[in-house]
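A.B. asks: Mind looking over this structure? Questions follow.
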Amino acid sequence: MIGIFDSGVGGMTVAKAIEKTLPEYRLVYFGDLARTPYGSKSPETIIRYARENTEFLISKGAKLIIIACNSAASVATETLKEEFDLPIFEVISPAIKKAVATSKTGRIGIIGTRATITSGVYEKKIRKQNSSFKVYSTPCPLLVPLVEEGWFEKRETKMILRRYLHPLKLKQVDSLVLGCTHYPLLKDLIRPRIGKRVKVIDSSEEVAADLKSYLREHSSFAKELTQNGRHHYYVSDITYTAHSIAQRIFGREIQLNKTTYAPQSGEVKSEK
Ligand code: DGL
2 MIGIFDSGVG GMTVAKAIEK TLPEYRLVYF GDLARTPYGS KSPETIIRYA
52 RENTEFLISK GAKLIIIACN SAASVATETL KEEFDLPIFE VISPAIKKAV
102 ATSKTGRIGI IGTRATITSG VYEKKIRKQN SSFKVYSTPC PLLVPLVEEG
152 WFEKRETKMI LRRYLHPLKL KQVDSLVLGC THYPLLKDLI RPRIGKRVKV
202 IDSSEEVAAD LKSYLREHSS FAKELTQNGR HHYYVSDITY TAHSIAQRIF
252 GREIQLNKTT YAPQSGEVKS EK
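The sequence shown begins at 2 in this note's numbering and counts up one residue at a time.
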């Protein structure tokens with residue numbers, strides 16, 4: 002199975018893109034709703050959660066992991082790659098690849114949670130690919146709660162978006178990376194506010210395309226992944242809005258299984 006985790010249900014935007022691009026593969030998803038949000042937590046805490054989530058997905062049969070949370074991807078990818086012997090994908094690199102390939106002016110905007118923006122991972126990776134690129138990032142801590150509350154049509158949401166996007170508009174970015182798995186749900190509101198000429202990059206679509214080419218290149222490994230049965234969606238808590246956000250993302254009812262998974266301290270490797 003393809004294991005996917007996020008701090009909550011936002012990562013389902015990635016699960017949906019994978020389901021659409023690779024419909025023959027089974028997914029096992031874990032949304033850490035009991036400990037969400039990750040975006041305001043320290044790197045040490047996020048790394049510990051990411052490690053525990055990976056262990057949980059492996060225990061459910063995952064043979065490949067996708068970190069479908071920018072906050073976790075920005076601080077925990079290296080640790081997971083060192084500690085787990087299976088392919089690990091994340092949402093940041095494919096979005097960067099796309100941004101670098103599509104930007105004509107070399108001016109890229111990034112929006113994300115505080116954890117993601119503070120990590121500086123987008124700047125580092127983009128400039129490693131092309132040191133002449135200019136990267137402008139803005140933390141948007143109010144957007145996740147607005148999505149969670151389903152405030153899509155509210156005047157306040159549009160106002161907050163305008164406020165967050167304004168500095169990036171002034172910098173005349175020509176590409177904007179949605180550096181948080183909740184933001185694809187705001188894409189239709191973001192597009193007109195950042196400007197029609199700006200390419201909005203949705204990491205969920207990019208990671209699905211990246212995974213597709215990986216599986217094509219690794220066909221014997223791809224055959225090991227389960228190709229029948231149903232997808233499983235686990236969450237560590239069922240919050241008030243979990244079902245409605247999941248339904249909004251998939252456009253259908255999603256059965257969320259509350260797991261009794263509790264990290265066993267003995268099983269968790271010591272932090273570096
Ligand atoms: N999934 C997180 C991300 O992509 C957003 C929610 C959170 O802060 O936990 O950064």
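By construction, the Cβ of each residue, glycine as well, lies at the ideal position given by its N, Cα and C atoms.
Could you please give the first and the last residue of the uninterrupted alpha helix (DSSP H) stretch that includes Ser-214?
C.D. replies: By 1-based counting over the sequence shown, the position of residue 214 is 213. Taken as a continuous stretch (DSSP letters only), the alpha helix (DSSP H) holding Ser-214 covers 204-218.
A.B. asks: Round the Cβ separation of Tyr-52 and Leu-87 to the nearest angstrom and send it over; I've been treating them as touching at under 8 Å.
C.D. replies: Start at 1 with the first residue of the sequence shown, and residue 52 comes out as number 51. Start at 1 with the first residue of the sequence shown, and residue 87 comes out as number 86. Here residue 52 turns out to be Arg, not Tyr, going by the sequence shown. Not quite, the Cβ-Cβ distance comes to about 13 Å (not below 8 Å), so this is no contact.
A.B. asks: With distances taken from each beta carbon to the nearest heavy atom of the ligand DGL, which residues come in below 7 Å, in chain order?
C.D. replies: Result (chain order): Asp-7, Ser-8, Gly-9, Gly-11, Gly-12, Thr-37, Pro-38, Tyr-39, Gly-40, Ser-41, Cys-70, Asn-71, Ser-72, Gly-113, Thr-114, Ala-116, Thr-117, Val-145, Cys-181, Thr-182, His-183.
A.B. asks: Can you tell which of Leu-177, Ser-41, Val-10 has the C-alpha that lies nearest to the C-alpha of Val-199?
C.D. replies: Along the sequence shown, read from residue 1 onward, the residue named residue 199 stands at position 198. When each option's Cα is compared against that of Val-199, the closest is Leu-177.
A.B. asks: How far does the alpha helix (DSSP H) with His-244 in it extend, from its first residue to its last?
C.D. replies: Mapped onto the sequence shown, residue 244 falls at position 243. Looking at the DSSP string, the run of the alpha helix (DSSP H) that includes His-244 is 243-251.
A.B. asks: For Asn-278, does the three-state DSSP call read helix, strand or coil?
C.D. replies: For the chain, the structure presents residues 2 to 273; residue 278 sits outside this window and is missing.
A.B. asks: Should Ala-16 be labelled buried (16 or more other beta-carbon atoms within 10 Å of its own) or exposed?
C.D. replies: Here residue 16 refers to the residue found at position 15 when the sequence shown is read from its first residue. With 16 or more other Cβ atoms within 10 Å, it is buried.
A.B. asks: Let's test the definition: count the other Cβ atoms within 10 Å of the Cβ of Gly-267 and tell me whether it reaches 16, buried, or not, exposed.
C.D. replies: Sequence index remark: in the sequence shown, residue 267 carries index 266 (1-based). Low per-residue confidence applies at Gly-267: pLDDT is 39, beneath 50, and the placement is therefore not dependable, though the value from the model is reported in the following sentence. Exposed: under 16 other Cβ atoms inside 10 Å.
A.B. asks: Are Ala-100 and Ile-127 close, meaning C-beta to C-beta below 8 Å?
C.D. replies: Position 99 of the sequence shown, counting from 1, holds the residue named residue 100. Position 126 of the sequence shown, counting from 1, holds the residue named residue 127. Yes, the Cβ-Cβ distance between Ala-100 and Ile-127 is below 8 Å.
A.B. asks: Distance check for Leu-162 and Ser-120, CA to CA, integer angstroms please.
C.D. replies: Taking the sequence shown and counting its residues from 1, the one referred to as residue 120 is at position 119. Taking the sequence shown and counting its residues from 1, the one referred to as residue 162 is at position 161. Cα to Cα, the separation comes out at about 22 Å.
A.B. asks: Let me know the alpha helix (DSSP H) ranges lying completely inside the region 105-156, each 4 residues or longer, listed in chain order.
C.D. replies: Entirely contained in the region 105-156, the alpha helix (DSSP H) runs reaching 4 residues are, in chain order, 115-120, 122-130, 144-149.
A.B. asks: Where does Val-269 fall in DSSP's three states?
C.D. replies: Within the sequence shown, the letter at position 268 stands for residue 269. Because Val-269 sits at a pLDDT of 41, beneath the cut-off of 50, its placement in the model cannot be relied upon, and the following sentence gives the value as read from the coordinates. The answer is coil: DSSP assigns Val-269 none of H, G, I, E or B.
A.B. asks: Taking all protein chains shown into account, decide if Asp-33 is buried (16 or more other Cβ within 10 angstroms of its Cβ) or exposed.
C.D. replies: The residue you call residue 33 lines up with position 32 of the sequence shown. It is buried - the Cβ of Asp-33 has at least 16 other Cβ atoms within 10 Å.
A.B. asks: Compute the Euclidean distance between the alpha carbons of Leu-226 and Arg-27, then round it to the nearest angstrom.
C.D. replies: Along the sequence shown, one-based indexing puts residue 226 at 225. Along the sequence shown, one-based indexing puts residue 27 at 26. Spanning the two alpha carbons is a distance of roughly 8 Å.
A.B. asks: Give the C-beta separation of Ala-116 and Ser-204 to the nearest angstrom, bearing in mind that I take them to be a contact with Cβ-Cβ under 8 Å.
C.D. replies: What you label residue 116 is simply residue 115 of the sequence shown in a count that begins at 1. What you label residue 204 is simply residue 203 of the sequence shown in a count that begins at 1. Not quite, the Cβ-Cβ distance comes to about 15 Å (not below 8 Å), so this is no contact.
A.B. asks: Helix, strand or coil, according to DSSP, for Tyr-165 in the structure here?
C.D. replies: Position 164 of the sequence shown holds residue 165. Correct three-state label for Tyr-165: helix.
A.B. asks: Whole angstroms are fine: how far does the CA of Glu-218 sit from the CA of Gly-9?
C.D. replies: By 1-based counting over the sequence shown, the position of residue 9 is 8. By 1-based counting over the sequence shown, the position of residue 218 is 217. For Gly-9 and Glu-218, the distance between alpha carbons rounds to 31 Å.
A.B. asks: Could you tell me the boundaries of the alpha helix (DSSP H) in which Phe-85 lies?
C.D. replies: Here residue 85 refers to the residue found at position 84 of the sequence shown. Premise fails: Phe-85 is in no alpha helix (DSSP H) and is neither H nor E.
A.B. asks: Note down, in chain order, each residue of its chain lying with its Cβ closer than 6 Å to the Cβ of Pro-140, except the 5 sequence neighbours on either side.
C.D. replies: One-based indexing of the sequence shown puts residue 140 at position 139. Correct list, in chain order: Arg-115, Ile-118.
A.B. asks: In the DSSP assignment, the beta strand (DSSP E) including Asp-7 goes from what residue to what residue?
C.D. replies: The sequence position of residue 7 within the sequence shown is 6, counting from 1. It spans 3-7 - the beta strand (DSSP E) in which Asp-7 sits, taken as one unbroken run.
A.B. asks: How about Tyr-235 and Phe-85: do their beta carbons lie closer than 8 Å?
C.D. replies: Taking the first residue of the sequence shown as position 1, residue 235 is located at position 234. Taking the first residue of the sequence shown as position 1, residue 85 is located at position 84. No, Cβ-Cβ distance for Tyr-235 and Phe-85 is not below 8 Å.
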